[in-house]
Structure formats: C-alpha cells, structure tokens
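Under the working numbering, think of the first position of the sequence shown as 238, with each following residue one higher. Data first, discussion second: the structure below is written as structure tokens.
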Amino acid sequence: MNDLMLAQEVSSPQEITCAAQRVRECARRKEVTPQAVLDIFERWAAALDQRALRETPGLPFLRLWLRRGTLEPVLLREFGPEFSNGDWRTDGRARLRAFPLGVVGHWPAGNIEIQPVLSLTCALLGGNGCLVRVPTGLLEITEQILERLREVDRAGLLTERILVLSFDHSRTDLQAAMARGVDGAMIWGGAEAVSNVRDLPFPHWARVQVFGPRLSVAAMDAATWSDSSERPLWCKRIARDVWQFDQRACSSPQALFLESRVGCDPVGFVEDLQQALQEENRQHPRTKIEPSLTSMICLARASWLLKDPENKALFPHSPDWTLLLGSGAGMPSPTQGRTLSVLLVDDLSEVISKFDGSVQTLGLAMKSAQAEGELAQVAGRSGVDRIVKLGRMHLFSSPWDGADLIRPMVRLVRHMPSQE
Numbered sequence: 238m239n240d241l242m243l244a245q246e247v248s249s250p251q252e253i254t255c256a257a258q259r260v261r262e263c264a265r266r267k268e269v270t271p272q273a274v275l276d277i278f279e280r281w282a283a284a285l286d287q288r289a290l291r292e293t294p295g296l297p298f299l300r301l302w303l304r305r306g307t308l309e310p311v312l313l314r315e316f317g318p319e320f321s322n323g324d325w326r327t328d329g330r331a332r333l334r335a336f337p338l339g340v341v342g343h344w345p346a347g348n349i350e351i352q353p354v355l356s357l358t359c360a361l362l363g364g365n366g367c368l369v370r371v372p373t374g375l376l377e378i379t380e381q382i383l384e385r386l387r388e389v390d391r392a393g394l395l396t397e398r399i400l401v402l403s404f405d406h407s408r409t410d411l412q413a414a415m416a417r418g419v420d421g422a423m424i425w426g427g428a429e430a431v432s433n434v435r436d437l438p439f440p441h442w443a444r445v446q447v448f449g450p451r452l453s454v455a456a457m458d459a460a461t462w463s464d465s466s467e468r469p470l471w472c473k474r475i476a477r478d479v480w481q482f483d484q485r486a487c488s489s490p491q492a493l494f495l496e497s498r499v500g501c502d503p504v505g506f507v508e509d510l511q512q513a514l515q516e517e518n519r520q521h522p523r524t525k526i527e528p529s530l531t532s533m534i535c536l537a538r539a540s541w542l543l544k545d546p547e548n549k550a551l552f553p554h555s556p557d558w559t560l561l562l563g564s565g566a567g568m569p570s571p572t573q574g575r576t577l578s579v580l581l582v583d584d585l586s587e588v589i590s591k592f593d594g595s596v597q598t599l600g601l602a603m604k605s606a607q608a609e610g611e612l613a614q615v616a617g618r619s620g621v622d623r624i625v626k627l628g629r630m631h632l633f634s635s636p637w638d639g640a641d642l643i644r645p646m647v648r649l650v651r652h653m654p655s656q657e
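Rendered as structure tokens:
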C-alpha cells in the first residue's frame with residue numbers, strides 16, 4: 238500500500254520539506270509518458286463507477302474528464318502529437334520536448350468535492366510529482382477517490398508521486414514550507430484564499446497558475462424559450478447545469494437572461510422550468526444542507542419579493558430549489574444552493590456587454606447561428622472565457638479560464654544539435 242496517498246497530518250515545516258524532496262526524487266527517478274498516464278486514468282474512471290461514490294457532486298464530470306477521449310484532444314491541442322509518447326518534435330533546425338517541472342503544489346478550494354483530484358491530474362499528465370493540501374472537509378471523499386486510483390495503479394507509477402497533506406489553513410509556517418518546496422503551483426478558490434497563497438514564498442522559478450473566483454450566467458433568445466415544442470428539453474438542460482456541484486462551481490449558472498418579445502409571455506417557460514427543477518430534485522435529492530445556506534436561501538427569497546412588487550418567486554416549502562423571476566439587465570448577487578434568477582431583458586447584447594472579468598462561462602440557447610456568433614463576439618470582448626450550449630456548462634476542456642491547463646506545468650526544452 239502506498240502511504241503517500243493517505244492524508245498525512247503534518248506539524249512542522251521540516252516534515253513538508255522532506256516530503257517534497259521524496260516526491261521530487263520519485264518523479265525524477267521514474268519517468269512516465271502521457272500515454273501511460275492516460276492508460277491508468279482510463280482504468281481509474283471505470284473504477285469510480287461505484288454506488289458509494291455516485292452521489293458525490295461532480296463525480297460524473299470527473300469520470301468523463303479522466304477518459305482518454307477527453308484528455309487526448311487536450312494534449313494534442315496544447316502540445317502536438319509527439320508529446321503523448323514523450324518524443325522530441327522538430328522545430329525548424331532544433332528539437333523541442335516537454336519535461337516536468339518537478340513538484341507541483343495544489344491548493345484546491347474547499348467547496349468543490351472533486352477539485353483536489355482534478356487539479357493533480359493536470360500535473361500528473363506533465364509527469365510531475367504532487368503535493369496536495371486538502372481542506373479538512375474534503376479529506377474523506379478525496380481519499381475514497383484516490384483509493385480507486387491505488388486499486389488500478391498496482392505498480393505505483395502515479396500513486397508514488399502523490400502526497401496528500403492535512404494541516405489547518407491558519408498555519409502560515411506550514412503553508413510557507415509547502416510553497417518553498419514546489420516548482421509549480423495550481424491555486425483555486427475565493428479572492429482572499431487565492432491572495433493569501435499567492436503571497437507565499439515560492440521559489441523564483443516556480444510557475445503559478447491561479448483559478449480565482451468566477452461566476453457564470455445563461456441566456457436564451459425569445460425564439461428559443463417561446464418554442465413550446467423544444468422548451469421542455471432546454472429546461473431540463475438548465476436544471477442539470479444548476480444542480481451539478483450544487484451551484485457552487487464557477488461554471489454554475491446564477492442567472493438566466495431571457496430576451497423579451499412582444500406577444501411572448503414567459504409563463505409557459507417558467508412552468509416548464511419549474512417542472513424540470515422538480516424532476517431533477519426527485520432524481521438527485523439533497524441529503525443535507527448547511528444551516529447557513531438555508532438562511533441565505535430564505536433571505537434571498539424574501540429580499541427578492543420585497544424589492545419590487547413586480548417580482549415573483551417560485552419554490553417548494555423546503556430550500557431544495559428557488560426561482561426568482563423579474564426583469565433587469567443587472568447581474569444579481571449569487572445565492573447558490575440551486576437559486577436561479579430569471580430575468581427578462583430587451584437586448585441580450587446590452588446585458589453581456591456590461592460583463593466584466595468575473596464572468597467565466599456563458600451558456601446559450603439561440604435559434605440563429607448568426608445572432609449567436611455576434612453575441613459570442615460581444616462576450617469574448619467582455620471577459621467571458623467559455624461560451625457553450627446550455628446543458629454543457631460544466632463540460633470543461635482546455636483552455637480553462639482562458640488558459641492552458643497542462644502546458645504551464647511542464648518545461649519545453651529546446652535542443653539545437655551540436656552537429657548543426
């Protein structure tokens with residue numbers, strides 16, 4: 238059994254320094270090609286199809302992410318065809334090849350169950366070792382997911398280069414020791430958490446990738462949401478996007494903007510959307526909820542109804558889901574917890590042109606390809622990184638937040654033969 242993959246509680250900086258050196262030596266001693274990593278990932282994805290894990294938020298995405306069919310196109314786009322087998326590729330009269338950075342440190346956010354594992358997969362594909370500081374609330378599920386990796390990686394090709402660390406986030410001495418021991422870092426989370434990690438004493442050569450707090454929205458043109466024949470399917474897709482990750486992911490839609498049109502009443506659409514949310518709740522019921530989130534949902538419902546007499550809200554007696562109905566082009570403050578603001582607007586382009594860099598993903602449902610193309614131009618100029626079809630807001634690939642995922646965690650070595 239590989240003890241490195243079990244969460245290790247550390248109490249001194251020296252423990253982390255020694256652990257980082259062990260992981261670095263392991264990564265240097267045993268080279269692994271991306272193809273070998275993909276083979277193990279494929280088996281890992283199959284092993285995660287277990288009843289005990291199926292209700293874990295985001296696990297369907299993780300299983301899909303680990304598939305060869307998902308990751309091979311990512312590697313091809315970021316590196317070219319030679320990278321998968323660890324080969325050199327010709328670059329004029331020189332050669333190029335990717336080599337690992339060494340040790341990559343991972344600081345995942347504490348609100349997404351699969352994020353510690355998702356983050357380390359990017360570093361493993363580059364042949365790196367991984368130090369992962371897992372938030373206390375995610376330790377159990379992270380170990381359960383990594384246990385499935387251990388089962389399929391009998392030779393320890395990947396598991397030997399993973400070390401999961403557990404320590405309180407307030408231990409700045411341990412945070413600093415972890416930063417000093419890595420050659421690269423992937424940082425996820427809210428603004429304060431990201432800023433705190435970025436201020437740590439990383440080596441001057443360390444590559445740092447930051448995935449800070451973002452939010453996402455959806456939009457539909459009038460021709461789409463008013464089409465009663467297609468509407469139920471679109472509503473099902475919206476409900477699926479809202480339900481995954483319990484609306485805590487950066488790609489979760491917090492608001493849905495509907496293009497208004499004279500003679501088109503949104504009542505039928507809202508009824509279909511309500512039915513889709515009820516069905517999603519039946520299939521994937523919430524088994525527990527934090528009291529603080531319940532309070533936020535109740536406050537959001539009351540505040541919305543008191544804000545404007547024209548506003549409406551639909552919700553069950555429980556806090557399972559909430560629809561806040563109204564109008565206006567302003568971005569509402571996100572509540573999360575399956576709370577979706579549905580807003581009628583005169584012009585979708587006007588709304589999207591006001592976005593700033595905080596909007597990550599725009600989910601669209603539009604009849605006209607030309608109009609969608611024009612809207613995509615506006616979104617791209619307004620800081621949106623991903624523009625996708627509704628129902629696919631969580632289907633990530635690379636680039637992620639407008640940047641490559643794996644390439645920043647490798648070094649591209651250039652070799653000019655001496656015979657030239």
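Note that beta-carbon positions come from the ideal geometry of N, C-alpha and C, so glycine has one too.
Practice problem: Could you check which residue in L543, C501, A422 has the C-alpha nearest to that of L338? | Solution: A422
Practice problem: Check whether the Cβ atoms of S635 and E315 lie closer than 8 Å to each other. | Solution: yes
Quiz prompt | Endpoints, the alpha helix (DSSP H) within which K473 is located | solution = 468-480
Quiz prompt | Helix, strand or coil at A256 [DSSP, three-state] | solution = helix
Quiz item: When the Cα atoms are used, what is the spatial distance from L493 to E467?
Solution: 17 Å
Quiz prompt | Neighbourhood of P372 by C-beta distance below 6 Å, restricted to the same chain and skipping five residues each side | solution = G347
Quiz item: Who are the Cβ neighbours of Q511 in its own chain at under 7 Å, not counting the five residues just before and after it?
Solution: L551, L560
Quiz item: In angstroms, rounded to a whole number, what distance separates the CA positions of G306 and W558?
Solution: 34 Å
Exercise. Excluding the 5 residues preceding and the 5 following P250 in the sequence, name in chain order all residues of the same chain whose CB lies nearer than 8 Å to its CB.
Key: D410, L411, A413, A414
Self-check item: Where L510 sits in the DSSP three-state scheme
Solution: helix
Practice problem: Would you tell me roughly how many angstroms separate the C-alpha atoms of L303 and R474, rounded to the nearest one? | Solution: 23 Å
Quiz item: In the structure shown, what three-state DSSP assignment does A284 receive?
Solution: helix
Quiz item: Where does T307 fall in DSSP's three states?
Solution: helix
Practice problem: Mind listing, in chain order, the continuous alpha helix (DSSP H) runs of no fewer than 4 residues lying wholly within the stretch 426-470? | Solution: 428-435, 459-462
Quiz item: When we look at the beta-carbon of T531 and count the other beta-carbons within 10 Å, is it buried (16 or more) or exposed?
Solution: exposed
Quiz item: Leaving out the 5 sequence neighbours to the left and right, which residues in its chain are closer than 8 Å to V588 when beta-carbon positions are compared?
Solution: A456, F494, A566, V582
Quiz item: When you compare only the Cα positions, how much space is there between A256 and S529?
Solution: 37 Å
Quiz item: How would you write the range of the beta strand (DSSP E) that W302 sits in, first residue to last?
Solution: Looking at the DSSP string, W302 is not in any beta strand (DSSP E); the run it does join, the alpha helix (DSSP H), is 296-302.
Quiz item: Where does R523 fall in DSSP's three states?
Solution: coil
Exercise. Assign M238 to one of three DSSP states: helix, strand, or coil.
Key: The pLDDT assigned to M238 is 39, lower than 50, so where the model puts this residue is not dependable; a value taken from the coordinates is nonetheless given after this. M238: coil per DSSP, three-state reduction.
Self-check item: Meets three-Cβ-pair contact criterion under 8 Å: the stretch 612-631 and the stretch 476-484
Solution: yes
Practice problem: List the endpoints of the continuous beta strand (DSSP E) containing G563. | Solution: 559-564
Quiz item: Taking the Cβ atom as the reference point for each residue, do T576 and A537 lie within a distance shorter than 8 Å?
Solution: yes
Exercise. Return the first residue and the last residue of the beta strand (DSSP E) that C487 is part of.
Key: Unbroken run through C487: none, as it is neither H nor E.
Quiz item: What is the DSSP secondary structure of K626, counted as helix, strand or coil?
Solution: strand
Quiz item: Any idea what DSSP makes of D638, helix, strand or coil?
Solution: coil
Quiz item: Do the stretch 366-382 and the stretch 438-455 touch if we need at least three Cβ pairs shorter than 8 Å?
Solution: no
Quiz item: What residues in its chain sit with their C-beta under 6 Å from that of P569, if we drop five residues either side in the sequence?
Solution: A492, S578
Quiz item: Per DSSP, what kind of secondary structure is A414 in: helix, strand or coil?
Solution: helix
Quiz item: Between R435 and the rest of its own chain, which residues show a CB-CB distance below 8 Å, the 5 nearest in sequence each way excluded?
Solution: I424, V445, V447
Quiz item: Can you find at least 3 beta carbon pairs, one from the stretch 262-278 and one from the stretch 388-408, that sit closer than 8 Å?
Solution: yes
Exercise. Give me the Cα-Cα distance between A360 and D286, rounded to the nearest whole angstrom.
Key: 23 Å
Self-check item: N-terminal and C-terminal residue of the beta strand (DSSP E) that V371 is part of
Solution: Here V371 belongs to no beta strand (DSSP E), and DSSP marks it neither H nor E.
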